[in-house]
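Undergrad: Chains as they are written, first to last, in my numbering: chain A, 28 to 229; chain B, 28 to 229; chain C, 28 to 229; chain D, 28 to 229.
Idealized CB from N, CA, C, for every residue including glycine.
There are 4 protein chains.
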Amino acid sequence: MSTTPQNPQPPRTGGRIRNEDAHHSVLEATAALLVENGYGALTIEGVAKRANVAKSTVYRWWKSKPALVMDAYAHETATRVPEPDTGTLEGDLTAFAADLYAIGRDPVRAKALTGLMAEAQLDSAFAEAFRAWVRTRRELVGRLLTRALARREIPAGTDLTHATDLVFGPFWYRLLVEHAPLDPADAEAHVRTVLQGLERRE
Amino acid sequence: MSTTPQNPQPPRTGGRIRNEDAHHSVLEATAALLVENGYGALTIEGVAKRANVAKSTVYRWWKSKPALVMDAYAHETATRVPEPDTGTLEGDLTAFAADLYAIGRDPVRAKALTGLMAEAQLDSAFAEAFRAWVRTRRELVGRLLTRALARREIPAGTDLTHATDLVFGPFWYRLLVEHAPLDPADAEAHVRTVLQGLERRE
Amino acid sequence: MSTTPQNPQPPRTGGRIRNEDAHHSVLEATAALLVENGYGALTIEGVAKRANVAKSTVYRWWKSKPALVMDAYAHETATRVPEPDTGTLEGDLTAFAADLYAIGRDPVRAKALTGLMAEAQLDSAFAEAFRAWVRTRRELVGRLLTRALARREIPAGTDLTHATDLVFGPFWYRLLVEHAPLDPADAEAHVRTVLQGLERRE
Amino acid sequence: MSTTPQNPQPPRTGGRIRNEDAHHSVLEATAALLVENGYGALTIEGVAKRANVAKSTVYRWWKSKPALVMDAYAHETATRVPEPDTGTLEGDLTAFAADLYAIGRDPVRAKALTGLMAEAQLDSAFAEAFRAWVRTRRELVGRLLTRALARREIPAGTDLTHATDLVFGPFWYRLLVEHAPLDPADAEAHVRTVLQGLERRE
DNA sequence: CGCTAACCGAGACGGTACGTCAAGTCTTAAC
DNA sequence: GTTAAGACTTGACGTACCGTCTCGGTTAGCG
Numbered sequence: 028m029s030t031t032p033q034n035p036q037p038p039r040t041g042g043r044i045r046n047e048d049a050h051h052s053v054l055e056a057t058a059a060l061l062v063e064n065g066y067g068a069l070t071i072e073g074v075a076k077r078a079n080v081a082k083s084t085v086y087r088w089w090k091s092k093p094a095l096v097m098d099a100y101a102h103e104t105a106t107r108v109p110e111p112d113t114g115t116l117e118g119d120l121t122a123f124a125a126d127l128y129a130i131g132r133d134p135v136r137a138k139a140l141t142g143l144m145a146e147a148q149l150d151s152a153f154a155e156a157f158r159a160w161v162r163t164r165r166e167l168v169g170r171l172l173t174r175a176l177a178r179r180e181i182p183a184g185t186d187l188t189h190a191t192d193l194v195f196g197p198f199w200y201r202l203l204v205e206h207a208p209l210d211p212a213d214a215e216a217h218v219r220t221v222l223q224g225l226e227r228r229e
Numbered sequence: 028m029s030t031t032p033q034n035p036q037p038p039r040t041g042g043r044i045r046n047e048d049a050h051h052s053v054l055e056a057t058a059a060l061l062v063e064n065g066y067g068a069l070t071i072e073g074v075a076k077r078a079n080v081a082k083s084t085v086y087r088w089w090k091s092k093p094a095l096v097m098d099a100y101a102h103e104t105a106t107r108v109p110e111p112d113t114g115t116l117e118g119d120l121t122a123f124a125a126d127l128y129a130i131g132r133d134p135v136r137a138k139a140l141t142g143l144m145a146e147a148q149l150d151s152a153f154a155e156a157f158r159a160w161v162r163t164r165r166e167l168v169g170r171l172l173t174r175a176l177a178r179r180e181i182p183a184g185t186d187l188t189h190a191t192d193l194v195f196g197p198f199w200y201r202l203l204v205e206h207a208p209l210d211p212a213d214a215e216a217h218v219r220t221v222l223q224g225l226e227r228r229e
Numbered sequence: 028m029s030t031t032p033q034n035p036q037p038p039r040t041g042g043r044i045r046n047e048d049a050h051h052s053v054l055e056a057t058a059a060l061l062v063e064n065g066y067g068a069l070t071i072e073g074v075a076k077r078a079n080v081a082k083s084t085v086y087r088w089w090k091s092k093p094a095l096v097m098d099a100y101a102h103e104t105a106t107r108v109p110e111p112d113t114g115t116l117e118g119d120l121t122a123f124a125a126d127l128y129a130i131g132r133d134p135v136r137a138k139a140l141t142g143l144m145a146e147a148q149l150d151s152a153f154a155e156a157f158r159a160w161v162r163t164r165r166e167l168v169g170r171l172l173t174r175a176l177a178r179r180e181i182p183a184g185t186d187l188t189h190a191t192d193l194v195f196g197p198f199w200y201r202l203l204v205e206h207a208p209l210d211p212a213d214a215e216a217h218v219r220t221v222l223q224g225l226e227r228r229e
Numbered sequence: 028m029s030t031t032p033q034n035p036q037p038p039r040t041g042g043r044i045r046n047e048d049a050h051h052s053v054l055e056a057t058a059a060l061l062v063e064n065g066y067g068a069l070t071i072e073g074v075a076k077r078a079n080v081a082k083s084t085v086y087r088w089w090k091s092k093p094a095l096v097m098d099a100y101a102h103e104t105a106t107r108v109p110e111p112d113t114g115t116l117e118g119d120l121t122a123f124a125a126d127l128y129a130i131g132r133d134p135v136r137a138k139a140l141t142g143l144m145a146e147a148q149l150d151s152a153f154a155e156a157f158r159a160w161v162r163t164r165r166e167l168v169g170r171l172l173t174r175a176l177a178r179r180e181i182p183a184g185t186d187l188t189h190a191t192d193l194v195f196g197p198f199w200y201r202l203l204v205e206h207a208p209l210d211p212a213d214a215e216a217h218v219r220t221v222l223q224g225l226e227r228r229e
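Take a look at the structure:
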């Protein structure tokens, strides 16, 4: 979607090099406008104007508004969080959930995520890409759960799909509806409740 | 938002009577287009054309696209489900969740809900109205939980907000992401897991 | 066009009596709006609202905007000016022109006339009716000139059409373009110039 | 108002070059529709459709309907008539009036002029621009008269405003009312009558 | 060192839908 | 059967962005 981290050797033979400043100013303009006016009011035209860049320059590097926003999101995250491995499921999930809930504190990431979720509802082509991205996130949690299964922390036969939903569902629900704040400090209690629910009842 | 179920005797003194057929055809056109092309591709102009109705007629009765979709959703639901009261929290929540999950089987309602959630991310004015609607749904679950609290089915001090999120969160998450089907048959197991999580651990 | 001055005993057999107040308030609203916002901004809808009358009531009595404005114009003129007959062409024309130029002092009549002239350019159906009305005015001047011809005040063979144009043309031109004020005091000089132009040159 | 006859080297710094074909087809469509249906029925939307051009392209170059019509008028006139200078006022005015009356033979120019006069009555903002345009035409005649004054062809103290009105008034009046044809062959006689009217009567 | 490719800016272009407005017609209820 | 109220169809308004395109002008790196 972005062009930043792709094939390192495109078969180029010459030509003007890419203007890195333009890229940054576009991503920054995107982030700024996202926070100021929301995903709905974000337009490519507006981004270009704000970034002092030609509209065609934006279109050259990002083929659509969600692609642009995804890149702005990635640009914001910068350092990728490593997959937690504390030795216990509770520790892993708590660390993961705390990271997740921290997104609620970052307006750029929060607006980007909710905007992308909205876009996925509006544009079925993008929905596919979005679902794929969600899948990678779910798979991460899936690995934590599989390790816990091996350690017999949760019973065999546990519905891992539902278990994963219990982690992500409440997070997305709060992020989207904003009926209550997303506080990383709540992560521990929430995870504990979920884990207790998954235990084998004798 | 709608005009259908309001004061039965508006103080009218004259004037052409409202054309009920026009209303129905608009709502049906909305539902049809919603399912066929999705919320994003739904336009007032398209609805008017499909319903063989003037655009201004649509605007007279529904001031915006989300208002129209909300009415189409309500029109689809028709008979309101009563608040469940089976005597136990498990029974109540299972009934409630089964009803909820059944939405996933109804393309009109599913598309309407996901579209409205998207709209709430795009339009902060609508977000307010949407949040209010969500609140009424949460309050229903809140009443079930409060009754259970009185019956000592769940421990005093339970975080009711999180408990409610555990019911709605996974539902919305599946509805929006569509990574797994929403099956009413799963309601019982899901509710059991949540309730076990809420129990006091000695 | 109007309904005001017609058969005093219409063969009515029953039904609600016509509301004369409604008529007056419509005409007054028309005159007021004409002066306030000009012919272009005058709408039947606006007149109805200003007159506290239903739109359909306006449409019942006046079939179009120009018809309404013509009636408002007639209503303003009230007492019809008699055809001048002073014994000399100069006297007749000066009296006539002074009356004509006085219209420039009456905003309602001025706006009505210029508006109707505009309407005649926009709506070819109305142009016909307007031309007929203009013809009656020209015929009046034609009678003054014919009498003068009999009295040998102007030479036989005079182009009466052009002579009439020399009276009305500058009047309309000033009324429409407003490049210079229309002053009844100028009537005498203007008429004298025209008459001198019509004299037989040896 | 137009963009056609301006600075030959606009300081362009980039951007797609203007499509001259689109311009011509818009102006031709305007002229055609003007003649076919009249100024009143002329719509920007209709022009765009007829010219096979996007509505926004029309709006890009002409900010309003009168601006478009003025350009169509200018486009029709093409070669500007030079200010006449025959040595006598009678010759100058006859040449000028003959040119003027010739407009009556050209449906495009005639419809454009009457439409613009109508527009000036409807839209006070445009009236200003229209009045300015009229002023330039009047000033031309004013220069002819001033020269004649210097040559003592007309008496000192002549009311030049009224003299100018005697040239333009009858022309506009016939053009607008169409009670009689506008024939360039009449120009000579009309001018003679006016000039005789302006002579000093001893 | 010049060629060439790709970049960047500017902005025109054909489109689509927006939400508004008034036109003129029609239907109903009240008087 | 007039009057009031207002629902309805129709059509154009002027605006905002869309995504594509065509320019003029720049700036690498390869040969």
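Using a C-beta cutoff of 7 Å, does D/TRP160 count as contacting chain C?
TA: Taking the first residue of the fourth sequence as position 1, residue 160 of chain D is located at position 133. It does not; no Cβ of chain C falls within 7 Å.
Undergrad: Find out if the Cβ-Cβ distance for the pair A/LEU203, A/THR141 is shorter than 7 Å.
TA: Within the first sequence, numbered from 1, the residue matching residue 203 of chain A stands at position 176. Within the first sequence, numbered from 1, the residue matching residue 141 of chain A stands at position 114. Against a cut-off of 7 Å, the Cβ pair of A/THR141 and A/LEU203 comes out as a contact.
Undergrad: What residue range is occupied by the uninterrupted alpha helix (DSSP H) comprising B/TYR100?
TA: Start at 1 with the first residue of the second sequence, and residue 100 of chain B comes out as number 73. First-last of the alpha helix (DSSP H) with B/TYR100: 92-104.
Undergrad: Classify C/ASN79 as helix, strand or coil using the three-state DSSP reduction.
TA: Start at 1 with the first residue of the third sequence, and residue 79 of chain C comes out as number 52. It is coil, neither helix nor strand.
Undergrad: Out of D/ALA137, D/ALA177, D/ALA56, D/ARG136, point me to the one whose CA is closest to D/LEU116's CA.
TA: Translated into positions along the fourth sequence, residue 116 of chain D becomes position 89. D/LEU116 has its Cα closest to that of D/ALA177, out of D/ALA137, D/ALA177, D/ALA56, D/ARG136.
Undergrad: Only counting runs of 4 or more residues, tell me where the alpha helix (DSSP H) segments fall wholly within the stretch 110-179 of chain C, in order along the chain.
TA: Qualifying alpha helix (DSSP H) stretches, in chain order: 116-129, 134-149, 151-177.
Undergrad: Verify the CB distance criterion: does D/ARG77 have a CB-CB separation below 7 Å to chain C?
TA: The count along the fourth sequence starts at 1 and reaches residue 77 of chain D at position 50. It does not: the Cβ of D/ARG77 has no partner Cβ on chain C nearer than 7 Å.
Undergrad: Comparing the CB of D/TYR200 with every heavy atom of the ligand SAH, is any distance shorter than 6 Å?
TA: For the ligand SAH, the structure offers nothing, since it holds no ligand at all.
Undergrad: Less than 8 Å between C-beta atoms, sequence neighbours within five positions excluded: which residues of the same chain meet that for B/ARG132?
TA: Here the question's residue 132 of chain B lines up with position 105 in the second sequence. So the qualifying residues of the chain are LEU209, PRO211.
Undergrad: Would you kindly work out how many angstroms separate the C-alpha atoms of B/GLU215 and B/ALA125, rounded to a whole number?
TA: Within the second sequence, the letter at position 188 stands for residue 215 of chain B. Within the second sequence, the letter at position 98 stands for residue 125 of chain B. Going by the C-alpha atoms only, they are around 8 Å apart.
Undergrad: Using C-beta distances below 7 Å, list every residue in its chain close to A/GLY73, excluding the 5 sequence neighbours before and after it, in chain order.
TA: If you number the first sequence from 1, residue 73 of chain A lands on position 46. The residues are LEU60.
Undergrad: For D/ILE44, is the classification buried or exposed, using 16 other Cβ atoms within 10 angstroms of its Cβ as the cut-off for buried?
TA: Along the fourth sequence, one-based indexing puts residue 44 of chain D at 17. Label assigned to D/ILE44: exposed.
Undergrad: Where does A/ASP213 land, buried or exposed, given buried means 16+ other C-beta within 10 angstroms?
TA: In the first sequence, residue 213 of chain A corresponds to position 186, counting from 1. A/ASP213 should be labelled buried.
Undergrad: Would you mind telling me which residues of chain A sit closer than 9 Å to B/ASP112, beta carbon to beta carbon, in chain order?
TA: In the second sequence, counting from the first residue as 1, residue 112 of chain B sits at position 85. Residues of chain A passing the Cβ test: none, with the nearest at roughly 24 Å.
Undergrad: Taking Cβ positions only, does D/LEU149 come closer than 7 Å to chain C?
TA: Counting from 1 along the fourth sequence, the entry for residue 149 of chain D is found at position 122. At least one chain C Cβ lies under 7 Å of D/LEU149.
Undergrad: Output the distance between the C-alpha atoms of B/GLN223 and B/LEU127, rounded to the nearest integer angstrom.
TA: Position 196 of the second sequence holds residue 223 of chain B. Position 100 of the second sequence holds residue 127 of chain B. Spanning the two alpha carbons is a distance of roughly 20 Å.
Undergrad: Within 7 Å (strictly less), CB to CB, does D/PHE182 reach chain C?
TA: In the fourth sequence, residue 182 of chain D corresponds to position 155, counting from 1. One point to set straight first is that residue 182 of chain D is Pro, not Phe, in the sequence displayed. Cβ-Cβ to chain C under 7 Å: no for D/PRO182.
Undergrad: Report buried or exposed for B/THR173, applying the criterion of at least 16 other Cβ atoms within 10 angstroms of its Cβ.
TA: For the purposes of this step, residue 173 of chain B is identified with residue 146 of the second sequence, where counting begins at 1. So B/THR173 counts as exposed.
Undergrad: Taking Cβ-Cβ distances shorter than 7 Å, what residues in chain A pair up with B/THR70?
TA: As a first step, residue 70 of chain B is located in the second sequence; it is residue number 43 there, counting from the start. Those within 7 Å of B/THR70 in chain A number zero; the least Cβ separation is about 12 Å.
Undergrad: Quick check on the DSSP output: what are the complete alpha helix (DSSP H) runs of length 4 or more inside the stretch 46-70 of chain B, in order along the chain?
TA: List check, alpha helix (DSSP H) in window: 47-68.
Undergrad: Taking DSSP as the reference, what is the three-state secondary structure of C/TRP88?
TA: Position 61 of the third sequence, counted from the start, is the residue given in the question as residue 88 of chain C. Helix.
Undergrad: Would you report the Cα separation of A/ARG136 and A/TYR100, rounded to the nearest angstrom?
TA: For the purposes of this step, residue 136 of chain A is taken as residue 109 along the first sequence, with counting starting at 1. For the purposes of this step, residue 100 of chain A is taken as residue 73 along the first sequence, with counting starting at 1. Roughly 6 Å between the two C-alpha positions.
Undergrad: Which term fits A/VAL221, buried or exposed, when burial requires 16 or more other beta carbons within 10 angstroms of its beta carbon?
TA: Your numbering for residue 221 of chain A matches position 194 in the first sequence. Classification of A/VAL221: buried, given that the 10 Å Cβ count is 16 or more.
Undergrad: On the DSSP letters alone, give me the boundaries of the alpha helix (DSSP H) that A/GLU215 sits inside.
TA: Within the first sequence, residue 215 of chain A is the residue found at index 188, counting from 1. Its alpha helix (DSSP H) spans residues 214-225.
Undergrad: Suppose the cutoff is 7 Å on Cβ atoms and the five residues either side in sequence are ignored; what does the same chain contact list for B/THR30 look like?
TA: Along the second sequence, one-based indexing puts residue 30 of chain B at 3. Because B/THR30 carries a pLDDT of 41, less than 50, the predicted location of this residue cannot be relied on, and no value is offered for it.
Undergrad: Please report whether the beta-carbon of C/THR115 lies at a distance below 7 Å from any beta-carbon of chain D.
TA: Start at 1 with the first residue of the third sequence, and residue 115 of chain C comes out as number 88. Answer no: the Cβ-Cβ gap between C/THR115 and chain D never drops below 7 Å.
Undergrad: Could you have a look at A/GLU205 and say whether DSSP puts it in helix, strand or coil?
TA: Locating residue 205 of chain A in the first sequence gives position 178, counting from the first residue. Of the three classes helix, strand and coil, the one that applies to A/GLU205 here is coil, per DSSP.
Undergrad: Is the distance from the Cβ of A/ALA175 to the Cβ of A/LEU225 below 7 Å?
TA: If you number the first sequence from 1, residue 175 of chain A lands on position 148. If you number the first sequence from 1, residue 225 of chain A lands on position 198. No; because the gap between Cβ atoms is not below 7 Å, this pair is not in contact.
Undergrad: Alpha carbons only, please: which of B/HIS51, B/GLY65, B/ASN46, B/HIS50 is nearest the one belonging to A/SER151?
TA: In the first sequence, residue 151 of chain A corresponds to position 124, counting from 1. Of the candidates B/HIS51, B/GLY65, B/ASN46, B/HIS50, the one whose C-alpha sits nearest the C-alpha of A/SER151 is B/GLY65.
Undergrad: With 8 Å as the C-beta to C-beta threshold (strictly closer), list the residues of the stretch 166-192 of chain A near chain B in chain order.
TA: Hits within the stretch, in order: ASP186, THR188, HIS189, ASP192.
Undergrad: Under a CB-based cut-off of 7 Å, is A/ALA207 close to chain B?
TA: What you label residue 207 of chain A is simply residue 180 of the first sequence in a count that begins at 1. Yes - at least one Cβ of chain B is within 7 Å of the one on A/ALA207.
Undergrad: Using beta carbons (cut-off 7 Å, strictly below), is B/THR57 in contact with chain A?
TA: Counting from 1 along the second sequence, the entry for residue 57 of chain B is found at position 30. Not one chain A Cβ lies under 7 Å of B/THR57.
Undergrad: DSSP on A/ASP192, reduced to helix/strand/coil?
TA: Taking the first sequence and counting its residues from 1, one reaches residue 192 of chain A at position 165. Three-state DSSP puts A/ASP192 in a helix.
Undergrad: With 7 Å as the threshold, decide whether the Cβ of A/ALA212 is near any Cβ in chain B.
TA: As a working mapping, residue 212 of chain A is identified with position 185 in the first sequence. It does not; no Cβ of chain B falls within 7 Å.
Undergrad: Can you give me the Cβ contacts of D/GLY67 inside the same chain, cut-off strictly under 8 Å, excluding the 5 residues immediately before and after it?
TA: Translated into positions along the fourth sequence, residue 67 of chain D becomes position 40. So the list reads GLY142, ALA145, once near-sequence residues are dropped.
Undergrad: Give a yes or no on whether the C-beta atoms belonging to B/PRO134 and B/VAL218 are separated by under 7 Å.
TA: For the purposes of this step, residue 134 of chain B is taken as the residue at position 107 of the second sequence. For the purposes of this step, residue 218 of chain B is taken as the residue at position 191 of the second sequence. No, these two residues do not count as a Cβ contact at 7 Å.
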